[in-house]
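The number in this note's numbering is simply the position in the sequence shown, starting from 1, with 12 added.
Heads up, the beta-carbon is just placed ideally off N, CA and C, and yes, glycines get one too.
To start, the structure under review is shown below, and the notes come after it.
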Amino acid sequence: MIMKNKNLWILTEEKPKREVIANILMKFAGDNRLACFIDTIRILPILENGRFAFLYEVVGFRCNKIERIFIKSVSGFSSFVDFLIFYQENQPAQNDIPFYAIEETKTDDKESRNTGVCQRASKFVFLENYYPEIKKVMLYNLKIKQKDKPTATYIFGTKLLLTLGVEILGKKLDEKIFRPFNSVDEIIAFKKQMRHAPKGNIPILIKKTEDKITISGRLYKSNGLAHDPNIGALSLIGATIRKLGWTGEIVIVKHGLAQKHLQADNKFIKIANQLNLQIQGLILPVSQSSDLYWKYETEGEKLGTIFIHLVVENFTKGFSIFENHAGCEKGYFITIDGKYIPLEKYSDKKAYKAGNKNKIISIPEVLFEI
């Protein structure tokens, strides 16, 4: 129960979007039954002695229980969610507990079956090491029409997230379809009836014996353990199986890895240690646990481009038509008639993946219409 008025602190690696910040504020107010008034959200840089203090204040939102709203840039030490939300008087310290952990995506399964769910899921799994009890939210900030009929991959991934207690915002979910799994056998049965991967690919399959579960899935990519969609999917499946009470072995098979590819600081290796997963035929390195999940960021190109972006948005009539700040989610290109177009990353993706790095397309950090 909220009693004393406090500040709301939003820590993020991302360029904060006004509509996303508005959704976060309305979520906080709604969950805590707070009366509020929202106008045009503006994100204003705070200056101290004429210099940027690496701090922003949000205006355009009024609530009697929130004194001020601040945004501050941070960097995660490994697999970091997009936003940590704190409700307290003073600037958050490492040992403070957030109110929410929020992952934000613009991707619907119309564009990608994996990116909008499974690829990002490892962040929520990794988060359990640090904040196991806080509210976890997957926020969809869609710019294109939601797919009318969800793919089986999206349904499966979302049901896994719901089983882990992650709340879904920004998408319409049919409650008859999108329910948490009740048992490990239900997960296995659902996955078994899904369409298999094309011939030549390694499908994600789950098999169970009396004391062991195997999960197949290729993890080898680009000469290492770097297959992000499958890292997310296997992390999510493993975490959900553990959540439902399985204490036996969980073994990752058909992964394509060699022992030299397993590094203790890799995010999947850290999650495998956390969930007590095995990688068939290999010895799992022991990851060193870290007390730090994030740190404040005051250096780097991204801080400068985000600062310029927010100044243009909030102090001029200009607006961005494309953004790709370093380390942030790549935006759409917005056409003159308001259509959102995803820009290609490669002139020849197959050749790039085969090693020809000249096939990547260089794109700017941000484009403005002034």
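Q) Tell me which same chain residues have a C-beta within less than 7 Å of the C-beta of Leu56, skipping the five on either side of it? A) Tyr68, Glu69, Val71, Asn326
(Q) Gln292 and Ile264 - do their beta-carbons sit closer together than 8 Å? (A) yes
Q. Grouping DSSP H, G and I as helix and E and B as strand, with all else coil, what is Ile243?
A. helix
Q: Can you tell me which of Arg63, Cys75, Lys18, Glu31 puts its alpha carbon nearest to the alpha carbon of Gly42?
A: Cys75
Q) What's the call for Pro28, buried or exposed, on a 16-neighbour Cβ count within 10 Å? A) buried
Q) By how many angstroms is the C-alpha of Glu26 removed from the C-alpha of Val323? A) 16 Å
Q | Assigned secondary structure, Lys204 (DSSP; H/G/I helix, E/B strand, else coil) | A | helix
(Q) Contact defined as beta carbons within less than 8 Å: I believe Ser134 pairs with Gly236. What is the distance between those atoms, to the nearest angstrom? (A) Ser134 to Gly236, Cβ: 16 Å. No contact.
Q: With Gln100 as the anchor, note down where its beta strand (DSSP E) starts and where it stops.
A: 95–100
**Q.** Runs of beta strand (DSSP E) wholly within the segment 313–380 (minimum 3 residues, chain order)
**A.** 331–335
Q: Inspect the beta-carbon positions of Tyr152 and Leu181 and report whether they are closer than 8 Å.
A: yes
Q: In the DSSP assignment, find the beta strand (DSSP E) that holds Leu20 and state where it starts and stops.
A: 18–24
Q) Span of the alpha helix (DSSP H) holding Arg230? A) Per DSSP, Arg230 belongs to no alpha helix (DSSP H) and is neither H nor E.
Q.
For Arg54, list the residues DSSP reports as bridge partners.
A. Val71
Q: List the whole-angstrom C-beta distance separating Leu37 from Ile58, where the pair is believed to meet the contact cut-off of C-beta under 8 Å.
A: The pair is not a contact, with the Cβ atoms about 18 Å apart (cut-off 8 Å).
Q: Please state if the CB of Val93 and the CB of Ile114 are separated by a distance shorter than 8 Å.
A: yes
Q) Which same chain residues, not among the five before or five after Tyr308, have their C-beta less than 6 Å away from its C-beta? A) Val86
Q. Which word fits Ser247, buried or exposed, when buried means at least 16 other C-beta atoms lie within 10 angstroms of its C-beta?
A. buried
Q: Counting only the same chain and skipping the five closest in sequence on each side, list residues whose C-beta sits under 7 Å from that of Leu289.
A: Gly250, Ile262, Ile264
Q: List the DSSP bridge partners of Met150.
A: Glu115, Ile180
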